[in-house]
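Read the structure below first, then the notes.
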Amino acid sequence: QTGMFTYDPGFTSTASCESQITYIDGDEGILLYRGYPIEQLAEHGDFLETCYLLLEGELPTAAQKADFDYRVTRHTMVHEQMARFFQGFRRDAHPMAVMVGSIGAMSAFYHDSTDISDPQQRMIASMRMIAKMPTLAAMAFKYTIGQPFVFPLNSLDYTSNFLRMCFAVPAEEYKVNPVLSRALDRIFILHADHEQNASTSTVRLAGSSGANPFACIAAGAACLWGPAHGGANEAALKMLEEIGSVENIPKYIAKAKDKNDPFRLMGFGHRVYKNYDPRAKIMQKTTHEVLNELGIKDDPLLDVAIELERIALSDPYFIEKKLYPNIDFYSGITLKAMGFPTSMFTALFALARTVGWIAQWKEMIEDPSQRIGRPRQLYTGAGPREYTPIGRR
Ligand code: SDX
Numbered sequence: 109q110t111g112m113f114t115y116d117p118g119f120t121s122t123a124s125c126e127s128q129i130t131y132i133d134g135d136e137g138i139l140l141y142r143g144y145p146i147e148q149l150a151e152h153g154d155f156l157e158t159c160y161l162l163l164e165g166e167l168p169t170a171a172q173k174a175d176f177d178y179r180v181t182r183h184t185m186v187h188e189q190m191a192r193f194f195q196g197f198r199r200d201a202h203p204m205a206v207m208v209g210s211i212g213a214m215s216a217f218y219h220d221s222t223d224i225s226d227p228q229q230r231m232i233a234s235m236r237m238i239a240k241m242p243t244l245a246a247m248a249f250k251y252t253i254g255q256p257f258v259f260p261l262n263s264l265d266y267t268s269n270f271l272r273m274c275f276a277v278p279a280e281e282y283k284v285n286p287v288l289s290r291a292l293d294r295i296f297i298l299h300a301d302h303e304q305n306a307s308t309s310t311v312r313l314a315g316s317s318g319a320n321p322f323a324c325i326a327a328g329a330a331c332l333w334g335p336a337h338g339g340a341n342e343a344a345l346k347m348l349e350e351i352g353s354v355e356n357i358p359k360y361i362a363k364a365k366d367k368n369d370p371f372r373l374m375g376f377g378h379r380v381y382k383n384y385d386p387r388a389k390i391m392q393k394t395t396h397e398v399l400n401e402l403g404i405k406d407d408p409l410l411d412v413a414i415e416l417e418r419i420a421l422s423d424p425y426f427i428e429k430k431l432y433p434n435i436d437f438y439s440g441i442t443l444k445a446m447g448f449p450t451s452m453f454t455a456l457f458a459l460a461r462t463v464g465w466i467a468q469w470k471e472m473i474e475d476p477s478q479r480i481g482r483p484r485q486l487y488t489g490a491g492p493r494e495y496t497p498i499g500r501r
């Protein structure tokens, strides 16, 4: 029964907010979206069904799902002037730099959905963000590889549309691989929301000032880009490539354990999960499915990842500190195999997390008790003192 289930892990006093959207039990490795286990949603549903669930609080009926899919599909194009906006970026700009800039720029193109006091405009802004993020991400990718933008095709489902916008070229036919599309759709489900992580808290804090939803999502995307957060999928793959072979693993395990070495195993550890990240298990299974579909028999990066996980999980340091693989540990191998460059990994994370940011933003805005966020500090600086003219310093 939504709202009847409360869990007091002993941090009630320090919780930043109340929410009914996502529940995590870090000790048990449990993740629920509106009460539904992530394993079941990833297994049986698609990403737009998860979007509907996160936004509305209930799984859609067949009619509601068809209507939601129809409305999202018909919001996938962006204002044609957005294409010219992209021309201002350097060709070799990181896709996340382009994404943060273009998401924020949405405020300049869609004035009819920036008044947060109007429920209709809030709904339109939510649909626009969910629908247009794949188009913006694909445009960011195409722009950085110097290929022409590909328009969305209404006859395709959400994730197939995104794959086509990324990989189709005018010179030849592009056929979406349904196995890869289903795998990527499941990866989007895994990334959709995750309680009050750094980027979601950023969106809530920005939203608490009354900023428009596009500006709030741009702030969340900027925060997600950090290597300690959503940038970890890109960093984890670079780490696996740097390790290169199974023989090199012990050297990197030693670095990760050395307190004087800033190196951390990317894709390992989590502020909340002190058990296996349930998403990482599904991610690993999806990795095997994608590599099999692509006929990749022995991916050296996967061999390194599996052996690194095996060694780390049996190492007293990692056991004592309760460090397990998180969602970012395997995702990069899968996305690289699909044809995405590492620079696109966080953009894909942002694409999927947009629905979580929007759902959390809406929940906060529609809470009559919400006020502007104002974290306090412990002041440890100088006490009061008199100004001294520069000649006497
Ligand atoms: C995401 O919050 C979310 O929900 C985020 C996310 C989401 O869906 O939104 O789940 C997505 O951001 C996943 C995390 C991706 N980041 C990485 O994989 C980067 C590598 N991991 C670490 O940087 C680290 O584990 C963090 C940032 C994820 C968590 O940092 P904390 O909170 O400082 O880690 P901790 O408190 O659990 O650390 C406990 C100890 C510390 O040592 P001591 O200070 O106690 O001596 O373990 C050490 C840490 O130094 N440690 C690691 C480590 N992670 C933590 N040591 C080596 N390798 C690591 N990866």
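Residue numbers (my numbering): 109 to 501.
Just so you know, even glycine gets a beta-carbon here, dropped at the ideal spot from N, CA and C.
Kindly list the residues whose CB is nearer than 6 Å to the CB of residue i, restricted to its own chain and excluding five residues on each side of it in sequence; keep chain order.
{"i": "CYS125", "result": "none"}
{"i": "LYS382", "result": "GLY134, ASP135 and LYS430"}
{"i": "THR184", "result": "ALA239, THR243 and PRO260"}
{"i": "LEU456", "result": "none"}
{"i": "ALA213", "result": "PHE193"}
Would you check if the distance between the CB atom of residue i and the CB atom of residue j is smaller than 9 Å?
{"i": "ASN341", "j": "PHE270", "result": "no"}
{"i": "VAL186", "j": "VAL287", "result": "no"}
{"i": "TYR351", "j": "LEU443", "result": "The sequence as given places Ile at residue 351; Tyr does not occur at that position. No, Cβ-Cβ distance for ILE351 and LEU443 is not below 9 Å."}
{"i": "GLY165", "j": "ILE297", "result": "no"}
{"i": "GLY315", "j": "MET472", "result": "yes"}
{"i": "GLY357", "j": "LEU409", "result": "At residue 357 the sequence reads Ile, which differs from the Gly that was named. No, the Cβ-Cβ distance between ILE357 and LEU409 is not below 9 Å."}
{"i": "ALA326", "j": "MET247", "result": "no"}
{"i": "ARG236", "j": "VAL258", "result": "no"}
{"i": "ASP265", "j": "VAL354", "result": "no"}
{"i": "MET204", "j": "SER451", "result": "yes"}
{"i": "ILE224", "j": "PRO386", "result": "no"}
With hydrogens ignored, establish whether the beta-carbon of residue i is closer than 8 Å to any heavy atom of ligand 1.
{"i": "SER127", "result": "no"}
{"i": "LEU313", "result": "no"}
{"i": "ASN383", "result": "no"}
{"i": "THR308", "result": "yes"}
{"i": "PHE193", "result": "no"}
{"i": "ARG461", "result": "yes"}
{"i": "ASN305", "result": "yes"}
{"i": "LYS283", "result": "no"}
{"i": "ARG372", "result": "yes"}
{"i": "ARG493", "result": "no"}
{"i": "PHE437", "result": "yes"}
{"i": "VAL380", "result": "yes"}
{"i": "PHE376", "result": "yes"}
{"i": "ALA364", "result": "yes"}
May I ask which residues mark the beginning and end of the beta strand (DSSP E) holding residue i?
{"i": "MET138", "result": "The residue you asked about is not Met; residue 138 is Ile in the sequence shown. Start and end: 138-141."}
{"i": "ASP226", "result": "No beta strand (DSSP E) holds ASP226; DSSP gives it neither H nor E."}
Residues in the same chain with beta-carbon distance under 8 Å from residue i, minus the five sequence neighbours each way, listed in chain order, please.
{"i": "GLY111", "result": "Caution is warranted here: a pLDDT of 46 is assigned to GLY111, below 50, making its placement in the model unreliable, and the coordinate value is therefore given only provisionally. Taken in chain order, the residues that qualify are GLN128."}
{"i": "GLY377", "result": "LYS429, LEU431, TYR432 and ASN434"}
{"i": "PRO168", "result": "GLU157, TYR160, LEU161 and PHE176"}
{"i": "ASP220", "result": "GLN229 and ILE232"}
{"i": "TYR384", "result": "GLY137, TYR432 and PRO433"}
{"i": "PRO497", "result": "none"}
For residue i, which residues of its own chain have a beta-carbon under 7 Å away from its beta-carbon, when the five flanking residues on both sides are left out?
{"i": "ALA467", "result": "ILE129, LEU162, LEU163 and ASP301"}
{"i": "CYS331", "result": "ALA306, SER307, THR310 and HIS337"}
{"i": "ALA201", "result": "THR252"}
{"i": "GLN109", "result": "Confidence in GLN109 is poor, its pLDDT being 39 and thus under 50, which makes the residue's placement unreliable; the coordinate value appears in the next sentence. Taken in chain order, the list of residues that qualify is empty."}
{"i": "ALA323", "result": "GLY212, SER215 and ALA314"}
{"i": "ASP423", "result": "ILE361"}
{"i": "PRO278", "result": "PRO256"}
So who's on the other strand from residue i, going by DSSP bridges?
{"i": "VAL284", "result": "For VAL284, which the question treats as bridged, DSSP gives no partner whatsoever."}
{"i": "THR454", "result": "For THR454, which the question treats as bridged, DSSP gives no partner whatsoever."}
{"i": "PRO433", "result": "PHE376"}
{"i": "THR130", "result": "TYR141"}
{"i": "VAL206", "result": "Paired residues: none, contrary to the question."}
Flag residue i as yes when its Cβ comes closer than 8 Å to any non-hydrogen atom of ligand 3, and as no otherwise.
{"i": "ASN434", "result": "Among the ligands present in this structure, namely ligand 1, ligand 3 is not found."}
Hey, could you find the ends of the alpha helix (DSSP H) residue i is sitting in?
{"i": "CYS324", "result": "321-332"}
{"i": "ASN159", "result": "Before going further, note that residue 159 is Cys rather than Asn in the sequence given. Element bounds for CYS159: 155-164."}
{"i": "THR267", "result": "266-275"}
{"i": "TYR556", "result": "Given a span of 109 to 501 for the chain in the structure shown, any question on residue 556 remains unanswerable."}
{"i": "ASP177", "result": "170-181"}
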